[in-house]
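This report refers to the structure that appears directly beneath it.
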Amino acid sequence: MYVGTQLSGGMVEEFGDAHLRQLAQLGLYHVCIDPVGNPRDWTRDDIARHIERVDAAGLKLDMVQLPLASLIIDRDDIDKVSSPAIVLGQGDERDRQIEAICKLIENLASLGVHSAKYNFSYLGVPRTKSERGRGGALVPTFRADQITNAGDITSAGHVSADAFWERITYFLERVIPVAEANKVRLACHPNDPMTPPNYRGIEESVISHVEGLKRFVSIAESPYHGLNFCQGTIGESLENPREEIGDVIRWFGSRGKIFNVHFRNIKGKRFSFTEVFPDDGDMDMPAALKIYKEVGVDCMIMPDHVPEIDGISPFETGFAFCYGYIIGLFQANGWDPYGRP
Numbered sequence: 031m032y033v034g035t036q037l038s039g040g041m042v043e044e045f046g047d048a049h050l051r052q053l054a055q056l057g058l059y060h061v062c063i064d065p066v067g068n069p070r071d072w073t074r075d076d077i078a079r080h081i082e083r084v085d086a087a088g089l090k091l092d093m094v095q096l097p098l099a100s101l102i103i104d105r106d107d108i109d110k111v112s113s114p115a116i117v118l119g120q121g122d123e124r125d126r127q128i129e130a131i132c133k134l135i136e137n138l139a140s141l142g143v144h145s146a147k148y149n150f151s152y153l154g155v156p157r158t159k160s161e162r163g164r165g166g167a168l169v170p171t172f173r174a175d176q177i178t179n180a181g182d183i184t185s186a187g188h189v190s191a192d193a194f195w196e197r198i199t200y201f202l203e204r205v206i207p208v209a210e211a212n213k214v215r216l217a218c219h220p221n222d223p224m225t226p227p228n229y230r231g232i233e234e235s236v237i238s239h240v241e242g243l244k245r246f247v248s249i250a251e252s253p254y255h256g257l258n259f260c261q262g263t264i265g266e267s268l269e270n271p272r273e274e275i276g277d278v279i280r281w282f283g284s285r286g287k288i289f290n291v292h293f294r295n296i297k298g299k300r301f302s303f304t305e306v307f308p309d310d311g312d313m314d315m316p317a318a319l320k321i322y323k324e325v326g327v328d329c330m331i332m333p334d335h336v337p338e339i340d341g342i343s344p345f346e347t348g349f350a351f352c353y354g355y356i357i358g359l360f361q362a363n364g365w366d367p368y369g370r371p
């Protein structure tokens with residue numbers, strides 16, 4: 031395992047090659063960075079050019095995001111950035127979108143990219159009003175008792191837990207064989223966060239909590255079916271994240287189901303939390319990293335949802351702090367944090 035990071039194609043377009051070089055200058059090598067443009071339109075040539083661009087910055091492309099994003103299903107441009115028919119279970123269009131994802135998996139494998147991440151989401155990433163954290167940093171927050179839109183049903187309508195599972199299973203039964211044939215690990219991000227029952231018409235956010243994720247990984251018994259293991263999201267679903275997270279890491283890690291780690295910390299618990307810097311939360315991050323190592327996790331360990339700070343270049347500065355924190359934990363244990371050949 032080694033430090034990594036992720037960037038969307040939009041971020042690449044906004045920040046340019048200088049930001050890619052900055053990542054290498056900060057010590058990163060392994061990355062998940064998407065090509066520019068509509069992910070549903072990426073061709074093999076687009077991906078090949080993107081790999082060359084990433085290589086030129088001194089980085090290695092480990093993973094990309096499939097066109098199944100963590101976006102609210104009501105977003106105006108959802109058809110351009112995701113594959114909504116898959117999560118909505120919309121007949122022939124669902125099959126066409128699945129076929130396109132299978133082709134993308136084949137293209138990735140043919141170019142040496144053997145991991146991809148995705149979401150299966152209706153609600154995006156719901157939060158309530160942000161609060162102030164350390165030094166006045168703005169921290170994303172979710173307080174169930176402050177929700178004001180619970181009754182606002184999305185365009186997905188009322189989705190029962192059974193329907194949610196049926197749509198997940200339909201997708202997995204068609205893509206996992208392609209992933210296996212091409213040796214591409216598919217890493218699903220949990221629904222973030224666990225939401226109260228029937229929130230916005232979703233009876234249960236079925237892959238937002240540990241029992242649901244255990245069921246999810248059991249649907250297809252394959253070494254290419256697993257999780258983008260967001261420690262923050264999973265911590266958000268627990269009553270006592272500090273005491274419980276270690277056993278959760280062991281359960282999924284020992285079964286080879288962790289393909290990427292969002293190494294993120296929170297303060298709080300189920301239905302009431304803030305997202306904070308990794309050294310400032312309730313979970314014991316040095317202990318968690320040791321457990322990932324202990325159970326043989328072999329993937330990127332990356333920051334996610336970094337608080338918004340003041341000053342110049344707050345996005346880059348916040349993430350740079352997190353890269354340094356992760357690298358420092360590796361080196362304190364005598365481990366190589368970079369994973370370079």
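Residue numbers 31 to 371, in the numbering used here, belong to the letters of the sequence shown in order.
Yeah, the Cβ is synthetic: ideal placement off N, Cα and C, and Gly gets one too.
Pairwise C-alpha distance: residue j and residue i
i: R245; j: P223; result: 18 Å
i: E234; j: N228; result: 6 Å
i: I296; j: P337; result: 11 Å
i: A130; j: V247; result: 23 Å
i: G298; j: D182; result: 26 Å
i: Q52; j: G88; result: 10 Å
i: I264; j: P97; result: 23 Å
i: F45; j: H80; result: 15 Å
i: W402; j: I288; result: Since the first and last residues shown for the chain are 31 and 371, residue 402 lies out of range.
i: M31; j: L50; result: 21 Å
i: I77; j: L138; result: 8 Å
i: N290; j: R70; result: 22 Å
i: F360; j: E305; result: 22 Å
Delimiting residues of the beta strand (DSSP E) encompassing residue i
i: C352; result: Careful: C352 lies outside any beta strand (DSSP E), inside the alpha helix (DSSP H) at P344 to A362.
i: Q176; result: No beta strand (DSSP E) contains Q176, which DSSP labels as neither H nor E.
i: I116; result: Here I116 belongs to no beta strand (DSSP E); instead the alpha helix (DSSP H) covers P114 to L118.
i: A217; result: R215 to H219
i: T158; result: T158 to R162
i: L257; result: H255 to C260
i: V61; result: H60 to I63
i: S145; result: S145 to N149
Reference residue i, options the options, closest by Cα
i: I321; options: S343, H60, S267 and S284; result: S284
i: V111; options: R204, L216, G286 and L101; result: L101
i: A191; options: Q95, L118, D328 and V327; result: L118
i: W281; options: L257, K299, H219 and L153; result: L257
i: C132; options: R157, L202, P114 and L319; result: L202
i: G142; options: A48, I103, A174 and E82; result: E82
i: R173; options: G57, R157, A211 and N68; result: R157
i: G67; options: T178, D314 and G40; result: G40
i: L268; options: S238, G348, D85 and F345; result: S238
i: V240; options: P253, V205, D277 and I206; result: D277
i: T178; options: T347, K159 and L168; result: K159
i: A217; options: A318, Y148, F345 and G187; result: Y148
i: I331; options: R105, R162, L58 and Y200; result: L58
Buried versus exposed call for residue i [16 or more other C-beta atoms within 10 Å across all chains shown]
i: N270; result: exposed
i: R294; result: buried
i: Q261; result: buried
i: S140; result: exposed
i: E266; result: buried
i: G165; result: exposed
i: E43; result: exposed
i: A211; result: exposed
i: T73; result: exposed
Endpoints, the alpha helix (DSSP H) within which residue i is located
i: E274; result: P271 to S284
i: Y322; result: M315 to E324
i: D92; result: Segment K90 to Q95 is the beta strand (DSSP E) holding D92; no alpha helix (DSSP H) there.
i: T199; result: A191 to N212
i: T304; result: Run containing T304: none in the alpha helix (DSSP H); it sits in the beta strand (DSSP E), S302 to V306.
i: H292; result: Counting along the chain, H292 falls outside any alpha helix (DSSP H), though it belongs to the beta strand (DSSP E) covering I288 to H292.
i: N137; result: G121 to S140
i: A54; result: D47 to Q55
Expected contact under 8 Å - CB spacing of residue i and residue j to nearest Å
i: P367; j: I357; result: 4 Å
i: I279; j: V325; result: 7 Å
i: V94; j: C62; result: 6 Å
i: F259; j: I198; result: Wrong, their Cβ atoms sit about 17 Å apart, outside the cutoff.
i: R272; j: D334; result: Not a contact, Cβ separation roughly 19 Å.
i: F351; j: T35; result: With a Cβ gap of about 13 Å, F351 and T35 do not count as contacting.
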